[in-house]
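Have a look at the structure below, then the notes.
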Amino acid sequence: MANCKVIAIANQKGGTGKTTTTVNLGIGLAREGKKVLLMDADPQGDLTTSLGWPEQDNLSVTLATQLEGIVADREMDSHAGILHHEEGVDLIPSNIELAGLEVMLVNAMSRELTLKNYLNEVKRGYDYVLIDCMPSLGMLTINALAASDSVIVPVQAQYLPAKGMTQLMKTIGKVQRQINPALKVDGVLLTLADMRTNLA
């Protein structure tokens, strides 16, 4: 679909609710009748596990497989490996091989655009692509921001980690200036809120 919106769910801090946000937003959009693709861009594979594929190492095609093909300039079926979930969302799974790919990307041509090149092929037919980013500001997260129309930043409601947010916003600003001027921040999403407290 020409108007597919790609959203990165990003925060370099772990445990902020990125995966939960990705799943809930994706399934919510699917229930509204939207065609949704979820992308697990974290080598830990939490999104893949949470959607019912805990044995990621047994999957023959993952995000790492697809991106390796692009780096090596091999002809690939961009839709290979996409899994279909009963809640109406599709998934590009991940496993630990993605960690090795980050090292490979350092020397790749147009390294920041590898994921974007893959997504340009695969996003046709979807209304939304949601990217569950890894908890770092490394090359995979830069790739996700370069490929996205917007970013949502989940933050624990117990406290606003200003230092980490400042670092992330600097990275987003750098991506906007140097790689993806159209990137927007859709917002900061407070997660893990305890509604029994005054802070919530």
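Quick note: the sequence shown uses UniProt numbering, first residue 1, plus one each step. Glycine included, every Cβ here is placed at the ideal spot set by N, Cα and C.
Secondary structure of residue i, DSSP reduced to three states
i, result
"M134", "coil"
"G187", "strand"
"M139", "helix"
"A80", "coil"
"Y126", "coil"
"T19", "helix"
"G7", "First, the amino acid is wrong: residue 7 is Ile here, not Gly. Of the three classes helix, strand and coil, the one that applies to I7 here is strand, per DSSP."
"V71", "helix"
"I152", "strand"
"A41", "strand"
"T62", "coil"
"I172", "helix"
"I96", "coil"
"V106", "coil"
"L51", "coil"
"K13", "coil"
Supposed close pair residue i, residue j - CB separation, criterion 8 angstroms
i, j, result
"K168", "N11", "The sequence shown places Leu at residue 168, rather than the Lys named in the question. Yes, L168 and N11 are in contact; Cβ-Cβ is about 6 angstroms, under 8 angstroms."
"I9", "L130", "6 angstroms"
"E97", "M139", "Actually they are not in contact, since the Cβ atoms of E97 and M139 sit about 15 angstroms apart, beyond 8 angstroms."
"T191", "T19", "With a Cβ gap of about 11 angstroms, T191 and T19 do not count as contacting."
"T22", "D149", "Their Cβ separation, rounded to whole angstroms, is 16 angstroms, which puts T22 and D149 out of contact at 8 angstroms."
Residues near residue i by beta carbon distance below 7 angstroms, same chain, minus five either side
i, result
"V89", "G26, I27, A30, V36 and L38"
"Y118", "Q66, L67, I70 and S78"
"V188", "V153 and V155"
"M134", "A41, D42, P43, L140 and T141"
"A147", "V6, L115, K116 and L119"
"D46", "T19"
"E112", "I142, N143, A146 and I179"
"Q176", "L183"
"S50", "T19 and V23"
"E121", "S78"
Neighbourhood of residue i by C-beta distance below 8 angstroms, restricted to the same chain and skipping five residues each side
i, result
"T114", "L67, I70, V71, L105, A108 and N143"
"V151", "I7, A8, I9, A10, L145, I172, L183, K184, V185 and D186"
"D127", "M1, N3, C4, K5, L29, K34, K35 and V36"
"A52", "Looking at the sequence provided, one finds Gly at residue 52 rather than Ala. H85, listed in sequence order."
Cross-strand partners of residue i (DSSP beta bridge)
i, result
"V36", "V89 and Y128"
"P181", "Answer by DSSP bridge pairing: none, since P181 is not bridged."
Close-in-space but distant-in-sequence residues of the same chain around residue i (CB under 6 angstroms, 5 per side omitted)
i, result
"A80", "V61"
"T48", "D40, Q56, P93 and S94"
"A64", "E97, L98 and L101"
"K123", "C4 and V129"
"E75", "none"
Cβ-heavy atom distance, residue i to the ligand NAD, below 6 angstroms
i, result
"I96", "The model on display carries no ligand, and the ligand NAD is accordingly not part of it."
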